[in-house]
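One gets this note's numbering by counting positions in the sequence shown from 1 and adding 2 to each. Ideal placement from N, C-alpha and C gives every residue a C-beta, glycine not left out.
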Amino acid sequence: PRPSPSASPPSAPVPGADFSAAADEEGLESFPRYDLAWEVDPTSGLVAGQMIVRYPWAGPEPLSDLVLRLFPNAPAWGGTLTVTQAQINGHPVRSTLTVEGTALRLSLPAPLPPGQSVTATTAFTLQLPPLGVEGNGQLGYGAGRVALAEAYPMVPCRGAEGWWEVLGPAHGDVTCNPVAFYRVQITAPATMTPLTSGRCDPPLSLGGGMQRWLCTAGPVRDFAAFLGADYQVVTTSVEGVTVRSASLPGDEAGGREALDDAAYALALFQRRFGPYPYAELDVVEGPLDRAGMEYPGLVLIQAAYYGEKREGLEPIVVHEVAHQWWYGLVGNDQVNAPWLDEALAEFSTLLYYEDRYGEEEAGLIEESWRQSYEAVVAAGQDRPVGLPADAYPQELYGPLVYRKGALFLVALRETIGDDAFEALLRQYLVQHRYGLATPEDFRTLIEGRGGPAAGDLYEAWILGTRHP
Ligand SMILES: [Zn+2]
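Right, dumping it as structure tokens:
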């Protein structure tokens, strides 16, 4: 039998409703605000969209352009996102498409001084690829379902070098976004149920068999929605957060297990890392090309894990839930420093197994990481953990970034001790919540807690190919 989650401490935070409650928090007016509308035809896979974003510019220099990323146009995604109209502050502007059609650069009519905001308004069409046939399963349509991940023009991160305009390899994650507030209107046949980032109001009937949902989310790094007519949805509540699991017909047992695992992980990670500040968390089954994928407030799990790969479902769900902290609350450049969220999410599954099943079961997880990594070393393929995603062939990405990365964190915990290590994770969250952390931030943090010994581990595992 599996034990139920241990009781939460009396000081457990009450999560705010997405958007309205969080918007009152201090400093959050500095985040972008999206108004997004999708009108979805699940038969043709055509989406008509509008996106308005108000982008506050902090400086230091005046801003001369705004970049919108159009990830459905990336080769691995198989979609076509076309911006048919673009305006800045209500006036049509010149735009240029670059980075394999995934970056649209809008020239501002006049340089924007720091401290002011710019509003970009776009109309777009999105042709989705057929799910399970083309693309990666994060975006598509088929069998009465629609997957809408990265399905709108989005403002990327911006650093000292300017806008983030990289396009990573198909085996890695694709975005680097600032957190923002989202108000999203979804129009679709009334037979469909939406599972989304954030939360949605009860739908408004439009007649003609169509409905409209208004959803809000924030502060979050992205907004994803999955709609289907035949999702089997089960629900539970964890300290005021509604957790939902949506599985496909015939996979209800996997759906219930995913709900149970996600609920346990959510309760545990809130205690260990810090509060999950949103109202809902959804776990959704889909025809994904990879095992799992994280979005704010929602994780997508490959359908095979509800069937023939069922014994592998639990660690996948837990890894993706951990991304709500590592990727979601604490962001990072997922293409140039993917280890920063992947190693932490993978390591978090060890904390889960230790807490839920004890040291022996957890030891098996750690041993599986070691075997995976040792096989790479034996093949003469060892590489540092801290490289960009495209520095790894697809088959080495998991063993080196996820598992060797998690083993680095195991070594770090052994060196500085359990209590100091957990304090370090909490400090990392507090320092970078709603922001972006860099590898240098992480190194500074661990050296502050663990001294030169922690720095040596960082050199050996993250930067080196020395076999530690
Ligand atoms: Zn991951």
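inquiry  = Please classify P113 as buried or exposed, where buried requires at least 16 other C-beta atoms within 10 Å of its C-beta.
reply    = exposed
request  = Just grab the DSSP bridge partners of C202 for me.
outcome  = C217
query = Any heavy atom of ligand 1 within a distance shorter than 6 Å of the CB on A347?
reply = Taking 6 Å as the cut-off, the C-beta of A347 counts as close to a heavy atom of ligand 1.
ask   = Any idea which residues DSSP pairs P196 with across the strands?
value = L229
task = Drop a sphere of 10 angstroms on the beta-carbon of A380, count the other beta-carbons inside from all chains shown, and report buried for 16 or more, exposed for fewer.
result = exposed
query = Buried or exposed: which applies to D357, given that a residue is buried once 16 or more other Cβ atoms fall within 10 Å of its Cβ?
reply = buried
ask   = For A23, which of helix, strand or coil comes out of DSSP?
value = Model confidence at A23 stands at a pLDDT of 42, short of 50, so the residue's coordinates are unreliable; what they give is reported in the following sentence. Three-state result, A23: helix.
ask   = Mind checking T218: buried by the 16 CB within 10 Å criterion, or exposed?
value = Buried, by the Cβ-count rule.
task = Using three-state DSSP, classify Y404 as helix, strand or coil.
result = helix
ask   = In chain order, what residues of the same chain have a beta carbon less than 6 Å from the beta carbon of P131, not counting five sequence neighbours either side?
value = G80, G81, G137 and G142
query = Where do the N-terminal and C-terminal ends of the alpha helix (DSSP H) with I367 fall, by residue?
reply = E361 to A380
query = Quick one: is the Cβ of E152 within less than 6 Å of any heavy atom of ligand 1?
reply = no
key: Distance, C159 Cα to T195 Cα   = Answer to the nearest angstrom: the Cα atoms are 32 Å apart.
key: Check whether L83 and P74 have beta carbons under 7 Å apart   = yes
DSSP three-state assignment for R435, whether helix, strand or coil = coil
Reference R35, options C202, F183 and E449, closest by Cα = F183
message = Is E316 close to ligand 1? I mean its beta-carbon at under 6 Å from any heavy atom of the ligand.
response = Taking non-hydrogen atoms of ligand 1 into account, the C-beta of E316 is found less than 6 Å away from none of them.
inquiry  = Quick check on the DSSP output: the alpha helix (DSSP H) that includes F271 runs from which residue to which?
reply    = Where F271 is concerned, the enclosing alpha helix (DSSP H) stretches over E254 to R274.
DSSP bridge partner residues for T84 (one or two, in chain order) = T127
ask   = Cβ of V222 within 7 Å of Cβ of A264?
value = no
ask   = Can you find at least 3 beta carbon pairs, one from the segment 321–336 and one from the segment 269–278, that sit closer than 8 Å?
value = yes
ask   = Start and end of the alpha helix (DSSP H) containing G2?
value = Since the first and last residues shown for the chain are 3 and 470, residue 2 lies out of range.
message = Could you give the first and the last residue of the continuous alpha helix (DSSP H) run that contains Q52?
response = It is not in any alpha helix (DSSP H) - Q52 instead sits in the beta strand (DSSP E) that spans L48 to P58.
inquiry  = Can you determine whether any heavy atom of ligand 1 sits closer than 6 Å to the C-beta of E344, and answer yes or no?
reply    = yes
Inter-residue Cα distance where the pair is R71 and T104 = 5 Å
query = Which residues bound the beta strand (DSSP E) around Y184?
reply = A182 to P191
query = With a CB to CB cut of under 6 Å and the five nearest residues on each side skipped, what residues in its chain are close to T124?
reply = M53, V85, A88 and P155
inquiry  = With a threshold of 8 Å, are at least 3 pairs of Cβ atoms found where one atom belongs to the segment 457–468 and the other to the segment 376–393?
reply    = They touch, by the three-pair rule.
message = Given this structure, state the Cα-to-Cα distance separating D291 from E461, to the nearest angstrom.
response = 33 Å
query = Going along the chain, which residues of its own chain have a beta-carbon closer than 8 Å to the beta-carbon of P64, five neighbours each way excluded?
reply = These residues qualify, in order along the chain: P113, L114, P115 and P116.
key: Identity of the residue in V286, H321, A306 and L110 nearest D343 by Cα   = H321
ask   = For S109, which of E102, S66 and A151 has the nearest alpha-carbon?
value = S66
message = Helix, strand or coil, according to DSSP, for P317 in the structure here?
response = helix
key: Reference P180; option with closest CA among Y375, Y436, L268 and S97   = Nearest in C-alpha terms to P180, of all of Y375, Y436, L268 and S97, is Y436.
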